[in-house]
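A quick write-up on the structure given underneath.
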Amino acid sequence: MKRFTGLMAVVVLGLGSAPASWAIEIVGGPDDGTDVGGLDDLVAQAQLANSGGAEIDWLQSILGTGATLGAQIQDVAYSATDLAGAFAFALNPVGEYFMIKNATWHALYLNLPNLNWAVFGPGLNSGFNLGTDDFTISHVRVIGDVPEVPEPSTLALLGMGLGGLALLRRRRMS
64 MKRFTGLMAV VVLGLGSAPA SWAIEIVGGP DDGTDVGGLD DLVAQAQLAN SGGAEIDWLQ
124 SILGTGATLG AQIQDVAYSA TDLAGAFAFA LNPVGEYFMI KNATWHALYL NLPNLNWAVF
184 GPGLNSGFNL GTDDFTISHV RVIGDVPEVP EPSTLALLGM GLGGLALLRR RRMS
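Everything in the sequence shown is counted per our numbering, starting at 64 for the first residue and increasing by one.
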């Protein structure tokens with residue numbers, strides 16, 4: 064039993080301390096070195112008229128009429144990342160999906176794996192290929208409220224602490 068417990072402790076520690084292989088970090092600026100997760104999945108893109116109604120109709124045609132559409136977020140400043148052609152910005156509020164609009168283009172993304180950050184690449188995961196110097200975000204719309212979930216490493220740390228307390232109590236009892 065002691066061998067099994069020791070082996071499980073080593074496995075949990077190893078998995079908990081291993082860096083994520085898909086991690087993307089911000090390069091430069093005030094958020095330099097921040098892990099923003101990975102590239103979010105492009106769901107759909109379109110060129111729509113500059114009308115809120117057309118935008119909402121398009122989003123609901125993809126996500127259904129029950130989708131919770133957040134307010135438009137103006138003046139979004141995005142940062143370059145260590146993945147060439149990928150950019151990130153903080154999402155507040157957090158949502159399951161987010162939509163980016165520039166002057167002529169709308170793109171809907173599934174927000175994975177780090178819900179606090181939107182990570183997109185106009186030339187990486189879409190047919191929309193635009194140079195980095197002339198890409199301006201008109202606005203962002205966050206769709207669907209998602210409650211914040213603790214990261215797995217936090218839960219593993221909590222579990223190891225509780226396990227240690229249980230072992231300590233067991234030793235004192237015997």
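Where a beta carbon is used, it is the ideal one built from N, C-alpha and C, also for glycine.
Original post:
Who are the near neighbours of E211 in its chain, counting only those whose CB is closer than 6 Å to its CB and skipping five residues on each side?
Top reply: Its pLDDT being 49, under 50, E211 is placed unreliably by the model, and the measurement read from it follows with that caveat. The answer is none, since no qualifying residue turns up.
**OP:** Could you tell me whether the stretch 117-134 touches the stretch 83-102, using the rule of 3 or more Cβ pairs below 8 Å?
**Re:** no
Subject >> Boundaries of the beta strand (DSSP E) in which Y160 is found, first to last residue >> reply: G158 to K164
Subject >> Cβ pair V106, Y141 closer than 8 Å >> reply: No, the Cβ-Cβ distance between V106 and Y141 is not below 8 Å.
Original post:
Given a threshold of 16 other Cβ atoms within 10 Å of its Cβ, counted over all protein chains shown, does D120 qualify as buried or as exposed?
Top reply: exposed
Subject >> Beta-carbon proximity of I163 to I206, cut-off 8 Å >> reply: no
Original post:
Who pairs with S216 in a beta bridge, going by DSSP?
Top reply: None, per the DSSP bridge assignment.
Original post:
How many angstroms separate the CA atom of D104 from the CA atom of L173?
Top reply: Between D104 and L173, the C-alpha separation is close to 5 Å.
Original post:
Under a Cβ-count criterion, where at least 16 other Cβ atoms within 10 Å of its own Cβ denotes burial, should R57 be classed as buried or exposed?
Top reply: Shown here, the chain extends from 64 to 237; a query on residue 57 therefore has no answer.
Subject >> Simplified DSSP state of G133, which is helix, strand or coil >> reply: Note: G133 maps to strand in three-state DSSP.
Original post:
Which same chain residues, not among the five before or five after A117, have their C-beta less than 6 Å away from its C-beta?
Top reply: L111
Subject >> Counterpart residues of S105 in DSSP-defined beta bridges >> reply: First, the residue type needs correcting, since residue 105 is Leu and not Ser in the sequence shown. Answer by DSSP bridge pairing, in chain order: Y172.
**OP:** To the nearest angstrom, report how far apart N192 and A181 are at their CA atoms.
**Re:** Note on N192: pLDDT 48, under 50, position unreliable in the model; no value is reported.
Original post:
With burial defined as no fewer than 16 other Cβ atoms inside 10 Å of the residue's Cβ, what is the status of N155: buried or exposed?
Top reply: exposed
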